[in-house]
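Working notes, structure below.
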Amino acid sequence: MATSEFGRVAEDGTVYVRVGDDERAVGSYPGATPEEALAYFSRKYDALAAEVSLLEQRVRKAEVPAKDVASSVERLRTSVSTANAVGDLAGLGTRLDALAATAAEKQVEADAAKAQAREAARVDKERIVAESESLATSTAWKATGDRFRALLEEWKKAPRLDRRTDDELWKRFSAARSAFDKVRRQHFATLDAERGEAKARKEELVRQAEELSGSTEWGPTAGAYRDLMSRWKAAGRAGRDDEESLWQRFRAAQDAFFAARNAVFDERDSDQKVNLEQKEALAAEAEALLPITDHKAARRALRGIAERWESVGHVPRGDRDRVEGRLRRVEDAVRDAEQDEWRRTNPEARARAEAAVSMLQQAISQLETKAEKARAAGKERELADAEASLEARRSWLAEAERALAEFTR
Numbered sequence: 449m450a451t452s453e454f455g456r457v458a459e460d461g462t463v464y465v466r467v468g469d470d471e472r473a474v475g476s477y478p479g480a481t482p483e484e485a486l487a488y489f490s491r492k493y494d495a496l497a498a499e500v501s502l503l504e505q506r507v508r509k510a511e512v513p514a515k516d517v518a519s520s521v522e523r524l525r526t527s528v529s530t531a532n533a534v535g536d537l538a539g540l541g542t543r544l545d546a547l548a549a550t551a552a553e554k555q556v557e558a559d560a561a562k563a564q565a566r567e568a569a570r571v572d573k574e575r576i577v578a579e580s581e582s583l584a585t586s587t588a589w590k591a592t593g594d595r596f597r598a599l600l601e602e603w604k605k606a607p608r609l610d611r612r613t614d615d616e617l618w619k620r621f622s623a624a625r626s627a628f629d630k631v632r633r634q635h636f637a638t639l640d641a642e643r644g645e646a647k648a649r650k651e652e653l654v655r656q657a658e659e660l661s662g663s664t665e666w667g668p669t670a671g672a673y674r675d676l677m678s679r680w681k682a683a684g685r686a687g688r689d690d691e692e693s694l695w696q697r698f699r700a701a702q703d704a705f706f707a708a709r710n711a712v713f714d715e716r717d718s719d720q721k722v723n724l725e726q727k728e729a730l731a732a733e734a735e736a737l738l739p740i741t742d743h744k745a746a747r748r749a750l751r752g753i754a755e756r757w758e759s760v761g762h763v764p765r766g767d768r769d770r771v772e773g774r775l776r777r778v779e780d781a782v783r784d785a786e787q788d789e790w791r792r793t794n795p796e797a798r799a800r801a802e803a804a805v806s807m808l809q810q811a812i813s814q815l816e817t818k819a820e821k822a823r824a825a826g827k828e829r830e831l832a833d834a835e836a837s838l839e840a841r842r843s844w845l846a847e848a849e850r851a852l853a854e855f856t857r
C-alpha cells in the first residue's frame with residue numbers, strides 16, 4: 449500500500465484523499481503502481497490548485513468585478529468539494545474562503561462606489577435640469593439653443609438613475625427645453641411675418657426708385673429720393689438675403705439718377721465758369737464803393753452793377769452763395785447808409801430831439817435855482833435832493849445833446 453500526506457492507495461487499488469480527519473475515495477488507476485496512481489491524482493490536484501492560484505493573481509493584480517470573483521469562487525468550491533484528486537483540498541478550501549471574503553469586501557466597495565456614482569449622477573442631472581429651467585425664458589436664441597443642445601449631450605452621457613428619479617428629472621428638463629423652443633418659434637414666426645411685411649414695403653420703394661431713375665426733373669426727383677430713403681429706413685428689415693438684394697436695386701436706381709444729374713450739372717458748371725468770372729469782376733467793382741461816403745452816388749452805381757449782374761446769367765452751384773454774398777454785403781452797406789441819412793434828416797425826429805434838450809435845460813435851470821436857495825437857507829436835505837436831481841438831469845441832457853448832434857452832421 450502506498451501513502452502520502454493527503455492520500456493513500458488501498459490494497460484493492462482504490463485511491464483515497466484525506467480532507468481533515470476524513471477521507472474519501474477518488475478513483476483508481478488500473479494497471480499502474482500505487483505510486484503512479486497517487487501521482488496521477490496528485491496532478492489533478494495540481495491543476496485545480498493552479499486554477500485557485502490564477503484566481504488569486506487576478507484578484508491581486510486587476511480590478512476584477514466582485515460578482516465575477518464570487519462566481520469563480522463558488523465554481524471552484526464545487527470543483528474542490530467533488531474533485532477526484534489527491535492534495536491539500538482543505539487548504540484550497542481555506543484559500544477559497546479568503547477569496548470569498550475578498551469578493552464580499554469588493555462587493556461592499558463596489559456597492560458604495562455605485563451608490564456614490566448614482567448620487568454624483570443625480571447631482572449632475574439636477575444641475576443640468578436647474579440650468580435648463582433657468583434658460584427656459586432666455587431670449588438669447590442662438591446661444592441658449594446651443595447650450596440646450598450641449599446640456600442634452602451631457603444628459604445622454606450621464607449614468608442612468610433609478611427609473612422614477614430619472615423620469616422625473618427628464619420631464620423637467622424636457623419641459624424647460626420645450627418652453628424655450630415654443631417661445632423661440634413664436635418669436636421667429638413673428639419676426640418672419642415682420643420681415644415679410646418689410647420686404648413688401650421695400651419692394652414697393654424699389655419699384656418707385658427704379659421708376660424715378662430716368663427722370664430729368666432734377667430738383668423734385670432728388671427730393672423724392674430723399675423721401676424714399678427716409679421711408680426705407682422706417683420700413684424695417686427684411687430677411688438678410690432679401691434685404692441685401694433689395695438694397696442693391698434701390699441703390700443702383702438712386703445712383704443712376706444722381707450720376708445722370710451730376711453729369712448734366714458738371715456740364716452746366718463748365719459753361720457757367722465764364723459767367724462766374726464776370727460776376728467776380730462785378731462784385732469787385734461793387735466792393736470798390738466801400739466805405740459808403742455818398743449813398744446816392746453809391747446807389748446809382750450799384751443799380752448799374754445789378755443790371756449787368758442780372759444779364760450775366762447763372763454761375764456754378766458751388767460758387768453761387770459766395771459770389772452773391774459779396775454783392776449782398778455792398779447792398780447792405782448802401783442800405784445802412786441810406787437809413788442813417790434818413791434818420792439824420794428826419795424833421796420830426798429832429799424836432800423831438802430839440803424839444804427834449806430844451807426841456808432838460810429848463811429843468812436844470814430850475815433845479816440850480818432851487819439848490820442855491822437851499823444852500824443859502826442852510827437846508828441841507830433839500831440841497832442834497834436838488835443836487836441829486838441835477839446830476840441825473842445833466843446826464844440825460846448829455847444823451848439828448850448827442851442825439852441832436854446826429855441831425856447836424
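Anchor point for the sequence shown: position 130 equals 578 in my numbering, and the numbering is continuous, going up by one each time. We put the CB at the ideal spot given by N, CA and C, even for glycine. Note that the coordinates shown come from a computational prediction; the quantities given were computed from them, not determined experimentally.
message = In the DSSP output, what is residue 471 paired with across the bridge?
response = In the DSSP secondary-structure assignment, residue 471 is bridged to 466.
message = Please state the DSSP three-state secondary structure of residue 539.
response = Of the three classes helix, strand and coil, the one that applies to residue 539 here is helix, per DSSP.
inquiry  = Taking the alpha carbon of residue 736 as the reference point, which residue from 766, 701 and 775 has its own alpha carbon closest?
reply    = When the alpha-carbon of residue 736 is set against those of 766, 701 and 775, the nearest one is in 775.
message = Let's see if you can read the secondary structure: which residues bound the alpha helix (DSSP H) around residue 671?
response = Counting along the chain, the alpha helix (DSSP H) containing residue 671 begins and ends at 666–682.
query = Where does residue 533 sit, in a helix, a strand or coil, going by DSSP?
reply = It is coil, neither helix nor strand.
request  = Return helix, strand or coil for residue 763, following the three-state DSSP convention.
outcome  = Correct three-state label for residue 763: coil.
ask   = Hey, out of 515, 526 and 520, whose CA is closest to residue 554's CA?
value = Considering only alpha carbons, the answer is 515.
query = Taking the C-alpha atoms as reference points, what is the distance between residue 851 and residue 830?
reply = Looking at the two C-alpha atoms, the distance is approximately 32 Å.
request  = Please name the residue or residues paired with residue 457 in a DSSP beta bridge.
outcome  = Its beta-bridge partners are 450 and 463.
ask   = What is the residue span of the alpha helix (DSSP H) that residue 615 lies within?
value = Residue 615 -> alpha helix (DSSP H) spans 611–660.
task = Write down every uninterrupted run of the beta strand (DSSP E) in the stretch 793–847 whose length is 3 residues or greater and which is fully enclosed by it, in chain order.
result = Runs of the beta strand (DSSP E) inside the stretch 793–847: none found.
ask   = Do residue 606 and residue 573 have their C-beta atoms within less than 8 Å of each other?
value = Cβ atoms of residue 606 and residue 573: closer than 8 Å.
request  = Starting from the Cα of residue 658, find the closest Cα among 699, 592, 498 and 771 and give me that residue.
outcome  = Taking only the C-alpha atoms, the option nearest residue 658 is 699.
task = Can you give me the Cβ contacts of residue 746 inside the same chain, cut-off strictly under 6 Å, excluding the 5 residues immediately before and after it?
result = So the qualifying residues of the chain are 737, 740 and 782.
request  = Starting from residue 476, follow its DSSP beta bridges and name the residues at the other end.
outcome  = The partner list for residue 476 (beta bridge, DSSP) reads 462.
message = Could you compute how far the alpha carbon of residue 798 sits from the alpha carbon of residue 811?
response = Taken atom to atom, the span from the alpha-carbon of residue 798 to that of residue 811 is near 20 Å.
query = Relative to the C-alpha of residue 833, which residue among 819, 520 and 751 is closest?
reply = It is 819.
inquiry  = Check whether the stretch 670–681 and the stretch 616–628 are in contact - that is, three or more C-beta pairs closer than 8 Å.
reply    = In short, these stretches do not touch, since the Cβ pair count stays below three.
ask   = So which of 689, 836 and 654 has the shortest CA-CA distance to residue 675?
value = Comparing Cα positions, the closest option is 654.
Given residue 639 as reference, the closest of 687, 619, 679 and 650 once Cα atoms are compared = Ranking 687, 619, 679 and 650 by Cα distance to residue 639 puts 687 first.
inquiry  = Measuring only the C-alpha atoms, how far is residue 763 from residue 707?
reply    = Going by the C-alpha atoms only, they are around 21 Å apart.
request  = Let me know the secondary structure DSSP gives residue 720 once reduced to three states.
outcome  = In the structure shown, residue 720 sits in coil (DSSP, three-state: anything other than H, G, I, E or B).
inquiry  = Rounding to the nearest angstrom, what Cα-Cα distance links residue 853 and residue 838 in this structure?
reply    = Spanning the alpha carbons of residue 853 and residue 838 requires a straight line of approximately 22 Å.
Under 8 Å between C-beta atoms of residue 789 and residue 750 = Note that the C-beta distance between residue 789 and residue 750 is not below 8 Å.
request  = Along the alpha helix (DSSP H) that carries residue 599, what are the first and last residues, could you check?
outcome  = It spans 589–605 - the alpha helix (DSSP H) in which residue 599 sits, taken as one unbroken run.
ask   = CA-CA distance, residue 718 and residue 650?
value = The alpha-carbon atoms of residue 718 and residue 650 are separated by roughly 38 Å.
inquiry  = As a quick exercise: from 504, 503, 464 and 552, pick the residue whose alpha carbon is nearest that of residue 490.
reply    = When only C-alpha atoms are compared, the closest one is 464.
query = DSSP state of residue 753, grouped into three classes?
reply = It is helical.
query = For residue 526, does the three-state DSSP call read helix, strand or coil?
reply = Three-state DSSP puts residue 526 in a helix.
Three-state secondary structure (DSSP) of residue 691 = Note: residue 691 maps to helix in three-state DSSP.
ask   = In whole angstroms, what is the alpha-carbon distance linking residue 744 and residue 711?
value = Computed Cα separation, rounded: 45 Å.
message = Quick check on the burial criterion: 16 or more other C-beta atoms within 10 angstroms. Buried or exposed for residue 720?
response = The C-beta of residue 720 has 16 or more other C-beta atoms within 10 Å across all chains shown, which makes the residue buried.
request  = From the DSSP output, in three-state form, read off residue 582 for me.
outcome  = Three-state result, residue 582: helix.
Nearest to residue 842 (by Cα), restricted to the options 824, 828, 825 and 804 = Nearest to residue 842 by C-alpha distance, out of 824, 828, 825 and 804, is 804.
key: Three-state secondary structure (DSSP) of residue 738   = Looking at residue 738 - three-state DSSP - the assignment turns out to be coil, as it is neither helix nor strand.
Endpoints, alpha helix (DSSP H) assigned at residue 499 = Where residue 499 is concerned, the enclosing alpha helix (DSSP H) stretches over 482–509.
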